[in-house]
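Working notes for the structure below.
2 protein chains.
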Amino acid sequence: MDIGIYMKTRAALVNSALPRFINNLKGSQPRLAEAMAYSLAAGGKRLRPVLMGASYEIFGGKARDILPAACALEMVHTYSLVHDDLPAMDDDDLRRGRPTSHKVYGEALAILAGDALLTDAFTVLLSSKYPKRVKPEGLLAAARALAARAGAGGMVSGQAADLEAEGFLKGKAGAARREKGLALLSYIHLHKTADLITAAVEMGALLAGAPERDAKALSVFGRDIGLCFQVADDILDVVGDKKKLGKSGSDARNNKLTYASLLGVEEAKRRAEALLRRALPGLARVRGAAGPKAALAAIAEFVYRREN
Amino acid sequence: MDIGIYMKTRAALVNSALPRFINNLKGSQPRLAEAMAYSLAAGGKRLRPVLMGASYEIFGGKARDILPAACALEMVHTYSLVHDDLPAMDDDDLRRGRPTSHKVYGEALAILAGDALLTDAFTVLLSSKYPKRVKPEGLLAAARALAARAGAGGMVSGQAADLEAEGFLKGKAGAARREKGLALLSYIHLHKTADLITAAVEMGALLAGAPERDAKALSVFGRDIGLCFQVADDILDVVGDKKKLGKSGSDARNNKLTYASLLGVEEAKRRAEALLRRALPGLARVRGAAGPKAALAAIAEFVYRREN
Numbered sequence: 001m002d003i004g005i006y007m008k009t010r011a012a013l014v015n016s017a018l019p020r021f022i023n024n025l026k027g028s029q030p031r032l033a034e035a036m037a038y039s040l041a042a043g044g045k046r047l048r049p050v051l052m053g054a055s056y057e058i059f060g061g062k063a064r065d066i067l068p069a070a071c072a073l074e075m076v077h078t079y080s081l082v083h084d085d086l087p088a089m090d091d092d093d094l095r096r097g098r099p100t101s102h103k104v105y106g107e108a109l110a111i112l113a114g115d116a117l118l119t120d121a122f123t124v125l126l127s128s129k130y131p132k133r134v135k136p137e138g139l140l141a142a143a144r145a146l147a148a149r150a151g152a153g154g155m156v157s158g159q160a161a162d163l164e165a166e167g168f169l170k171g172k173a174g175a176a177r178r179e180k181g182l183a184l185l186s187y188i189h190l191h192k193t194a195d196l197i198t199a200a201v202e203m204g205a206l207l208a209g210a211p212e213r214d215a216k217a218l219s220v221f222g223r224d225i226g227l228c229f230q231v232a233d234d235i236l237d238v239v240g241d242k243k244k245l246g247k248s249g250s251d252a253r254n255n256k257l258t259y260a261s262l263l264g265v266e267e268a269k270r271r272a273e274a275l276l277r278r279a280l281p282g283l284a285r286v287r288g289a290a291g292p293k294a295a296l297a298a299i300a301e302f303v304y305r306r307e308n
Numbered sequence: 309m310d311i312g313i314y315m316k317t318r319a320a321l322v323n324s325a326l327p328r329f330i331n332n333l334k335g336s337q338p339r340l341a342e343a344m345a346y347s348l349a350a351g352g353k354r355l356r357p358v359l360m361g362a363s364y365e366i367f368g369g370k371a372r373d374i375l376p377a378a379c380a381l382e383m384v385h386t387y388s389l390v391h392d393d394l395p396a397m398d399d400d401d402l403r404r405g406r407p408t409s410h411k412v413y414g415e416a417l418a419i420l421a422g423d424a425l426l427t428d429a430f431t432v433l434l435s436s437k438y439p440k441r442v443k444p445e446g447l448l449a450a451a452r453a454l455a456a457r458a459g460a461g462g463m464v465s466g467q468a469a470d471l472e473a474e475g476f477l478k479g480k481a482g483a484a485r486r487e488k489g490l491a492l493l494s495y496i497h498l499h500k501t502a503d504l505i506t507a508a509v510e511m512g513a514l515l516a517g518a519p520e521r522d523a524k525a526l527s528v529f530g531r532d533i534g535l536c537f538q539v540a541d542d543i544l545d546v547v548g549d550k551k552k553l554g555k556s557g558s559d560a561r562n563n564k565l566t567y568a569s570l571l572g573v574e575e576a577k578r579r580a581e582a583l584l585r586r587a588l589p590g591l592a593r594v595r596g597a598a599g600p601k602a603a604l605a606a607i608a609e610f611v612y613r614r615e616n
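Chains as they are written, first to last, in the numbering used here: chain W, 1 to 308; chain U, 309 to 616.
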């Protein structure tokens with residue numbers, strides 16, 4: 001399997017479905033709908049929807065069955081980027097090589113576009129038609145997982161802790177600072193990034209009605225590759241090619257707490273590798289189709305090795 | 309029935325349940341949880357949860373059955389106020405007589421607290437236990453209604469249109485402006501305010517598994533009292549006692565488009581009354597318990613006559 005081609009093919013499905021879901025939201029104020037579509041169209045790897053599809057397919061369905069759920073998760077991810085880029089937050093001008101939402105639409109409409117993407121993730125998730133294979137209980141469980149992983153018990157708390165950590169590196173160096181920094185960082189990474197990647201594989205399993213044991217194993221796998229993804233991101237923010245990344249490296253500029261800034265790039269690389277090594281055995285124990293499991297393993301490798 | 313006492317008693321139920329739901333969101337970043345609780349504790353009439361409870365009781369249950377859903381709707385309403393008050397939006401310093409969230413916690417955390425209140429409205433709605441009377445299909449339908457009424461097909465578009473209307477009154481006066489203003493205003497009122505009040509009575513009916521005909525009639529009733537509520541709000545912003553309102557009358561200050569500014573206070577009062585007269589007959593035709601129907605009618609009267 002060429003995982004690059006696999007991911008591009010799967011992402012293309014998501015890219016063609018997203019604008020349809022936005023157009024279906026009848027009665028939208030036109031400029032708001034435009035701002036929502038603008039941020040969704042910025043592209044990216046569509047990692048979360050692709051993960052959800054592969055996780056779902058382990059238990060026998062086709063990724064296409066759950067396209068609304070996959071798009072809903074991408075909408076939640078996109079809202080979080082729009083709000084994260086705001087002047088009051090990271091104050092970023094570029095995202096994926098294009099001006100950020102508030103640069104194009106103004107701050108007020110960018111806030112509202114984020115709010116609408118978040119809310120209508122639930123509209124898309126809950127109001128779409130699914131094949132019979134997806135049961136109402138599975139849909140309810142997936143919606144529960146999405147809300148819990150994205151809310152104050154999850155992603156938003158990661159963002160809040162990230163604010164708290166700003167300027168952390170300006171304090172005095174030393175072993176105590178290093179310990180406190182590592183604890184704060186692992187909380188931030190777990191919630192800011194890993195929770196939504198966990199939701200991706202979790203929702204796939206829940207929508208498929210997977211046995212609880214397998215859903216849990218996938219959830220742990222999701223957490224580990226989510227953490228690996230964020231450590232890799234920290235490293236790329238320091239050593240990555242800004243053109244490939246399509247963003248301006250604001251973490252380093254803002255003197256942000258990252259694994260790279262706290263431990264150095266080499267130690268951060270070792271941590272990312274350890275997370276990958278920990279993730280794969282758990283995935284191997286999940287009972288189901290071998291093809292989608294191999295795809296998930298290859299995506300995990302990709303997450304570790306990626307250059308953007 | 310003394311509707312004042314009824315509303316206070318019902319609101320007290322909501323006030324005591326809301327902090328419990330926030331505390332249940334395990335793992336929240338402490339300052340974020342504090343900001344969420346701060347805005348939820350600001351009080352207010354809890355109109356939407358009270359309406360939901362009364363609507364549900366028409367079909368035989370007790371309002372207490374659906375307290376998580378009622379609190380979820382109040383969380384959505386509260387998030388919308390937190391974001392609406394932001395410097396990039398209405399830039400309000402006071403809300404219900406207290407400093408607004410961004411004045412206390414800063415802009416970034418206020419944005420995140422709003423995001424978390426919105427997301428966790430779905431956590432609370434979907435992850436709570438309900439008595440058997442509330443069926444999974446009813447819960448799914450209620451969650452669908454909440455997302456649709458709060459999203460880009462609903463409330464957020466009302467906010468976006470409200471931004472669009474800013475400075476409208478600075479343009480040249482005349483019949484064409486009046487026509488355009490009225491069209492814009494009715495869109496704003498329908499979505500910014502009426503949609504969430506509609507969701508309140510709609511969700512009550514859906515959670516109760518009400519017959520479709522009755523759920524629809526209640527939805528129309530909700531829309532009309534929601535519109536009436538907003539016209540009354542426009543009037544109060546001009547003539548109301550600022551101390552009773554607990555806010556600083558930013559609409560007039562910002563030269564905002566309102567019924568009062570466009571048509572004058574007297575004509576606005578006539579519109580509010582017409583909406584009330586239109587709402588009541590539809591409610592009377594709903595089949596179910598007389599007590600809760602009388603409560604809804606009395607709340608409609610209250611909405612029309614309120615002084616804050």
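Virtual Cβ for every residue (Gly too), placed ideally from N, Cα, C.
For clarity, every value in this text was computed on a predicted model and none was experimentally measured.
For my contact list, residue i and residue j are in at a C-beta cut-off of 8 Å; report their separation, rounded to the angstrom.
{"i": "LEU515/U", "j": "TYR364/U", "result": "6 Å"}
{"i": "ALA580/U", "j": "PHE529/U", "result": "Rounded, the Cβ-Cβ distance is 15 Å, inconsistent with contact."}
{"i": "GLU510/U", "j": "ALA453/U", "result": "5 Å"}
{"i": "ALA260/W", "j": "ALA268/W", "result": "5 Å"}
{"i": "GLY422/U", "j": "VAL390/U", "result": "4 Å"}
{"i": "THR198/W", "j": "ARG223/W", "result": "5 Å"}
{"i": "VAL432/U", "j": "ALA481/U", "result": "Not a contact, Cβ separation roughly 47 Å."}
{"i": "LEU570/U", "j": "LEU490/U", "result": "7 Å"}
{"i": "ALA194/W", "j": "GLN230/W", "result": "7 Å"}
{"i": "ALA88/W", "j": "ALA424/U", "result": "With 8 Å as the limit, ALA88/W and ALA424/U do not qualify as a contact, their Cβ atoms being about 15 Å apart."}
Per DSSP, what kind of secondary structure is residue i in: helix, strand or coil?
{"i": "PRO87/W", "result": "coil"}
{"i": "ARG270/W", "result": "helix"}
{"i": "PRO407/U", "result": "strand"}
{"i": "LEU333/U", "result": "coil"}
{"i": "LEU402/U", "result": "strand"}
{"i": "GLU166/W", "result": "coil"}
{"i": "ARG133/W", "result": "coil"}
{"i": "ALA264/W", "result": "According to the sequence provided, residue 264/W is Gly. The question's Ala does not apply to it. Looking at GLY264/W - three-state DSSP - the assignment turns out to be coil, as it is neither helix nor strand."}
{"i": "LEU375/U", "result": "helix"}
{"i": "LEU381/U", "result": "helix"}
{"i": "ARG20/W", "result": "helix"}
{"i": "GLY4/W", "result": "helix"}
{"i": "LYS601/U", "result": "helix"}
{"i": "GLU609/U", "result": "helix"}
{"i": "GLY368/U", "result": "coil"}
{"i": "GLY351/U", "result": "coil"}
{"i": "ARG565/U", "result": "Looking at the sequence shown, residue 565/U is not Arg but Leu. In the structure shown, LEU565/U sits in coil (DSSP, three-state: anything other than H, G, I, E or B)."}
{"i": "ARG306/W", "result": "coil"}
Would you call residue i buried or exposed, if buried means 16 or more other Cβ atoms sit within 10 Å of its Cβ?
{"i": "ARG593/U", "result": "exposed"}
{"i": "SER324/U", "result": "exposed"}
{"i": "ALA156/W", "result": "First, the amino acid is wrong: residue 156/W is Val here, not Ala. Buried: at least 16 other Cβ atoms inside 10 Å."}
{"i": "ASP382/U", "result": "Contrary to the premise, residue 382/U reads as Glu rather than Asp in this sequence. With 16 or more other Cβ atoms within 10 Å, it is buried."}
{"i": "ARG486/U", "result": "exposed"}
{"i": "LYS564/U", "result": "buried"}
{"i": "PRO49/W", "result": "buried"}
{"i": "ARG46/W", "result": "buried"}
{"i": "ILE225/W", "result": "buried"}
{"i": "MET309/U", "result": "exposed"}
{"i": "VAL265/W", "result": "exposed"}
The alpha helix (DSSP H) that contains residue i, what's its start and end?
{"i": "LEU118/W", "result": "107-127"}
{"i": "VAL286/W", "result": "Per DSSP, VAL286/W belongs to no alpha helix (DSSP H) and is neither H nor E."}
{"i": "LYS216/W", "result": "212-239"}
{"i": "GLY361/U", "result": "355-365"}
{"i": "LEU340/U", "result": "338-348"}
Which whole runs of the alpha helix (DSSP H) in the region 452-516 of chain U are 4 residues long or more, in chain order? 463-472, 483-496 and 503-515
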